[in-house]
Amino acid sequence: MPIQQIVLHPTVDRSLKYASTTVGRDKVYRAVQYFARFLAWYLKRQDYNNKEIIQRLSNLKSALGLSRKLMRLGKSMEHLQHATKALNVEDEFAKYVTIGRQLGYAVYLFWDTFSWVHSAGVYKFQQIKRINENAYKAWLMGLLFSIIHGLYKLHQINSQRGSLISKAKIAETSERSKDTATLKKERKAAIRQLIQDVLDCSIPATALGYIHLEDGLVGLTGFITSIMGAQSQWKKTPVLDLIITEFCLAYG
C-alpha cells in the first residue's frame, strides 16, 4: 500500500528517531527560532504592513527560546562529567582547553536555568540582567576554548597528514592510504566545527555589546549554525535498522 510505504519509509523512520532525541529536537527548534528572528527583522526592515505577522514571529522566537531553555535543564551536569573525563587526556594542552570548554558550557547552562525560571514567571529575579550577562559570558568562554581546541586539532591533523604523505612517497601502501583518508575526514569535520564555533561567537558577543551586529544578521548566523549542527546530528542517527526496513518494504 502506498500509505504504508510512506509511513514506513526509511527516511520517515530516521526522522522520527532523530526527533526522539533531545539534541535532535533542540537543533530543529533552534533553527526555527533563529529563522523567525531573522524573518521578523527582515519584514520590519521592508516596512511590511501586516504587523500581526511580525508579532507572531517574535512570539514564536520567544516561545521556542523558552522551550529550549526548559529542555536544557540539568544539562550542565553532563558538561561537568565531560570536564571530569577530560582529566584523563594525556595531551596536556588538549586536556586544559577541553576542560575550559566544558566548564564554560556548564556555567552557561547553570545561569541559563535561572533565566528560564525568570522568563517562565516561576520567580522574578531583580538581577536578571546580570544573570543573563553571566550566561552569555560563560557561553562565549566555552566557544573560545572550543575554537582554540579546534585550531590545535587542525594543527595536529595537518602535521600527521604531512608525515603520512611523505612516507607514502617512499612506499605506497593501502594502510597508509586509509590513514590519509581518515585524517582528511577528521580535518573536514574539524574545519566545519571551527566555522560553526566562530559564527556562534557572534551571538553572545552581540548580546554582551562586544560587537554590534543587526538582529537579522544574528538570526541568520544562528540559523546557519543550527542547520550545521542538525546535519551533524542527523549523521549520528542509526541507519542499520532503516536498511532492514527498506528491504522489508521492497521484498516483504
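If you read the sequence shown in full-length UniProt numbering, its first letter stands for residue 1, the second for the next number, and so on. In this text, a Cβ means the ideal position worked out from N, Cα and C, and glycines have one as well. Bear in mind that the values here come from a model prediction, so they are computed numbers and not experimental data.
Subject >> Neighbourhood of Ile244 by C-beta, 6 Å cutoff - its chain only, sequence neighbours within 5 removed >> reply: Because Ile244 carries a pLDDT of 46, less than 50, the predicted location of this residue cannot be relied on, and the following value inherits that uncertainty. Contacts found: none.
Original post:
If you draw a straight line from the alpha carbon of Tyr105 to that of Asp112, how long is it in whole angstroms?
Top reply: 10 Å
Subject >> Cβ contact (3+ pairs, closer than 8 Å) linking the stretch 82-91 and the stretch 119-135 >> reply: no
Original post:
When we look at the beta-carbon of His155 and count the other beta-carbons within 10 Å, is it buried (16 or more) or exposed?
Top reply: exposed
Original post:
Excluding five sequence neighbours on each side, which residues of the same chain lie with their C-beta closer than 8 Å to the C-beta of Tyr18?
Top reply: Short of 8 Å from the beta carbon of Tyr18, and not among the five residues preceding or following it, lie these beta carbons of its own chain, in chain order: Gly24, Gln233, Trp234, Thr237.
Original post:
Using DSSP with H/G/I as helix, E/B as strand and the rest coil, what is Ile148?
Top reply: helix
**OP:** Give the single residue among Gly142, Ser115, Leu144 whose Cα lies nearest to the Cα of Arg130.
**Re:** Ser115
Subject >> Contact between the stretch 194-204 and the stretch 131-148 (3+ Cβ pairs under 8 Å) >> reply: yes
Subject >> Distance between Gln46 and Leu242 (C-alpha atoms, nearest Å) >> reply: Interpretation of Leu242 is limited by its pLDDT of 47, a score under 50 that renders its predicted location unreliable; the figure taken from the coordinates is listed afterwards. In a straight line, the C-alpha of Leu242 is about 45 Å away from that of Gln46.
Original post:
Under the three-state reduction of DSSP, which class applies to Gly229: helix, strand or coil?
Top reply: helix
Original post:
Taking C-beta to C-beta, are Gly65 and Gln102 nearer than 8 Å?
Top reply: no
**OP:** Assuming Arg72 contacts Leu39 (C-beta within less than 8 Å), just tell me the rounded distance between them.
**Re:** With a Cβ gap of about 24 Å, Arg72 and Leu39 do not count as contacting.
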